[in-house]
Amino acid sequence: MTSRSGTGYVSKGTGGKEIGQSLRLFRKFSSSIAGKTLKEFLIGGLVDLQGRISLFLFGCKPDAETYNALINAHGRAGQWRWAMNIMDDMLRAAIPPSRSTYNNLINACGSSGHWREALKICKKMTENGVGPDLVTHNIVLSAYKNGAQYSKALSYFELMKGTNIHPDTITLNIVIDCLAKLGQYGKAVDLFNSMREKRAECRPDIVTFTSIIHAYSLCGQIENCKAVFDMMLAEGLKPNIVSYNSLIGAYALHGMHKEALSVFNELKSSGIRPDVVSYTSLLNAYGRSHQPEKAREIFDMMRQNSWKPNLVSYNALIDAYGSEGLLAEAVEVLREMERDGVQPNIVTICTLLAACGRCGQLTKIDSVLSAAELRGIELNTVAYNSAIGSYLSVGEYEKALTLYRSMRRKKVKPDSATFSILISGSCKMAKYDESLNFLGEMMDLKIPLSNEVCSSVICAYSKKGQLGEAESLFTTMKMDGCSPDVITYTAMIHAYNAAENWKKACALFEEMEMDGIQPDSIACSSLMKAFNRGCQPSKVLLLAELMRERKIPFIEATFFEIISACSMLRDWRTAMDLIEVMEVSFSEVSVGLINHLLHFLGKSGKIETMMKLFYKILASGADVNIGTYSVLLKNLLAAGKWRKYIEVLEWMEEAGIQPSLGMYRSITSFAWKGGGTEYASLIHERMGSLKTKAMDKIPPDTLYKGQTCMKHPVQ
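Start counting the sequence shown at 27; every next residue gets the next number (this note's numbering).
Encoded structure:
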């Protein structure tokens, strides 16, 4: 990446023009330049001399500071090997390196991610009798961080605390960042708080606050992100572009587009120009809030403001479309990015594969895999997992299995997520033996158990009726240090439910709470189902009350089980109160739950209430089907409401739902059995007005068959 210019190498990268100007000026005034002045010309860090140019050409002898400037320049340009060569030239010139020389060279290696080389130089520095100072320690810590060696950085920090050199704000900022990268958010926040308490020693700066905002974002505490940002303002610190972007990114991660847009506008109001990261984060916020068209608007706005979208921007837009099942639009963005000279990477491929799975388009999965191969993009573990999951989501078990075998053949290591996808997918397709075989393979590879894997395997054991094996696995995972989460506990409660053992399900639920795991809606609904199956409906209502106290939201399964419990207890008041709560969400509930509610009311003899509820359901725009009408008709006939029965049949035809032959036969049979010839004639007359195809199939004499008469009046 260099070109010859006179006797030296001038970088074509950043600052090449400035260096050329510096060299011309340098030649012009070479007669009066001393070694120290030469350093001032080279301090910009952009001349690539490779250690072999003769500085005597300019009539001056380089000193230690000159070499230091050159090493620093190469380091900032990412040319760590050239920096090493200059160090060698310095030694050959018998100029002893100073602490600054070593620090510059360590930084040159560390900032390029070559932390091992940085450590070798640090060791040589100590061997040559030049002790490290605070700057050295900070550079080494930074080298570990840049090389993703976060644990090593923390260990080095502990060793550093044993010396007489006290950390400064830069030191602690690096440590906070490493703690966040390792997921040790609590420790990062504790260190931040200690810095604020001891302001005289290490006062938090803009980098500190920004790092904590990012840490809170990663652990999902969005409210604290904003609180830290406001705290930064209150302490008189002016946020920079990175601070604003961190807060926008935090909101984006959780799809909070309104809040992200507010911060974006605040950024512009402060006089800072949004950059590519700002626009991409806002785009991502709209994508995660299921607004792909708004995401596209932000993408176009970025271009209009003279910013060129990068790979991350394109991937975010592809994900925005793909997550909504808009595969055609996502593929078009892929073509667009390639036209713009941005090459897709493995993240692009994974995003498209996930979109294919959501859309259920098998051919597209094959096409995306072929596209990756044509572009020379080698699938990694994440990509294989995405493709295998997509195949399983469309029911292509054999293709998923073939791809998994290809993964193993190409020496791509499967991880816990791979087996979780395979085991879960096999269970959903009722391939329980296969799912257990995958567990065995996972154990052979010594891949640690995860909650996701254990949950799926417990489900497989439950389906096979092997409760003992499910219990054994649950115990094993706890002994291996894999603490069950709410999903794993719920899977085990399901297993006890299937085995009709409500007592063990209840005991496990209590154990979950004792372990400090907050039950969610699904866990509570699962336990309710176990109670109902075990004829313990009163416990269902107690659990419902507990959910209210803890503000655990009711889901459809919760409503279903509570209504079932009320039916067993004949507790109509509680049921009616629950139905009133549900009224606001009728348009969102499933047909199954609607039918269950109507059946409950009809069975309780509350026909008028049942019909009123049906009217409200229709008014809400909720979907109803022939099953819904069947529930109404059966209960109307059981109550002798034959006129309303015929009216409901008319509604069905008006709604375009063809009544079944059985529905007509039920009313004609009722006509004779329920009211004798007189009522049979009236019913037949009303039925005749429907003039449906189904009625034509009913023999006319069917109306007059039967012998018994109804002993109570027909309404």
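C-beta: ideal position from N, C-alpha, C; glycine also.
Coarse secondary structure for residue i, derived from DSSP in three states
| i | result |
| --- | --- |
| Phe580 | coil |
| Glu537 | helix |
| Asn651 | coil |
| Gln562 | coil |
| His280 | coil |
| Arg431 | helix |
| Asp546 | coil |
| Ala103 | coil |
| Met689 | helix |
| Thr189 | coil |
| Gln369 | coil |
| Gln684 | coil |
| Gly351 | coil |
| Leu49 | With a pLDDT of 39 at Leu49, under the threshold of 50, the predicted position of this residue should be treated as unreliable, though the coordinate-derived value follows. Note: Leu49 maps to helix in three-state DSSP. |
| Val438 | coil |
| Val420 | coil |
| Asp330 | According to the sequence displayed, residue 330 carries Gln and not Asp. In this structure, Gln330 counts as helix in the three-state DSSP scheme. |
| Lys54 | Here the model assigns Lys54 a pLDDT of 44, short of 50, so the residue's position is not dependable, and the following value carries that caveat. Helix at Lys54. |
| Met637 | helix |
| Gly631 | coil |
| Lys224 | coil |
| Val161 | helix |
| Lys320 | helix |
| Val742 | Residue 742 lies beyond the stretch modelled for the chain, which goes from 27 to 741, so this question has no answer here. |
| Ser476 | coil |
| Asp597 | coil |
| Arg401 | coil |
| His140 | coil |
| Met113 | helix |
Rounded straight-line distance, which links the Cα of residue j to that of residue i
| i | j | result |
| --- | --- | --- |
| Ile375 | Asp203 | 30 Å |
| Arg222 | Phe235 | 11 Å |
| Gly415 | Asp392 | 13 Å |
| Ala517 | Asn463 | 19 Å |
| Val610 | Arg576 | 21 Å |
| Leu352 | Ala346 | 9 Å |
| Ala120 | Ile196 | 34 Å |
| Tyr242 | Gly212 | 9 Å |
| Ser339 | Leu475 | 35 Å |
| Asp649 | Ala413 | 34 Å |
| Lys15 | Val408 | The requested residue 15 does not occur in the structure, where the chain is confined to residues 27 to 741. |
| Ile271 | Met602 | It is worth fixing the name first, because residue 271 is Asn in this sequence and not Ile. If you take the alpha carbons of Asn271 and Met602, they lie about 50 Å apart. |
| Cys245 | Asp470 | 33 Å |
| Pro766 | Leu595 | The question about residue 766 has no answer, for the chain in this structure spans 27 to 741. |
| Lys87 | Leu117 | 15 Å |
| Ser309 | Ile324 | In the sequence as presented, Ser is not what sits at residue 309; that position holds Leu. About 6 Å. |
| Met636 | Ile578 | 28 Å |
| Val744 | Arg361 | For residue 744 there is no data in the structure shown, the boundaries of the chain being 27 and 741. |
| Lys320 | Glu285 | 15 Å |
| Met455 | Trp141 | 48 Å |
| Gln330 | Tyr417 | 39 Å |
| Ser630 | Trp598 | 8 Å |
Whole-number beta carbon distance between residue j and residue i, since they are thought to touch under 8 Å
| i | j | result |
| --- | --- | --- |
| Gly367 | Ser315 | Their Cβ separation, rounded to whole angstroms, is 30 Å, which puts Gly367 and Ser315 out of contact at 8 Å. |
| Gly451 | Ala486 | With a Cβ gap of about 11 Å, Gly451 and Ala486 do not count as contacting. |
| Pro193 | Cys228 | 7 Å |
| Leu553 | Ile519 | 6 Å |
| Asn336 | Val302 | 6 Å |
| Ser307 | Ile274 | 4 Å |
| Met653 | Val617 | The identity of residue 653 in the sequence shown is Gly, whereas the question assumes Met. Going by Cβ atoms, the distance from Gly653 to Val617 rounds to 7 Å, so yes, they are a contact pair. |
Any non-hydrogen atom of the ligand FMN closer than 7 Å to residue i Cβ
| i | result |
| --- | --- |
| Leu337 | Absence of the ligand FMN from the depicted structure is noted, as is the absence of any ligand whatsoever, leaving it without description. |
Problem set entry | Contact the segment 119–137 vs the segment 90–108: 3+ CB pairs below 8 Å | yes
Problem set entry | Stretch pair the segment 185–204 + the segment 167–176: three plus CB contacts closer than 8 Å | yes
Exercise. Any chance the segment 559–567 sits against the segment 536–546, with 3 or more Cβ pairs inside 8 Å?
Worked result: no
For this session: Check whether the segment 582–592 touches the segment 607–626, counting contact only when three or more Cβ pairs, one atom from each stretch, lie closer than 8 Å.
Result: yes
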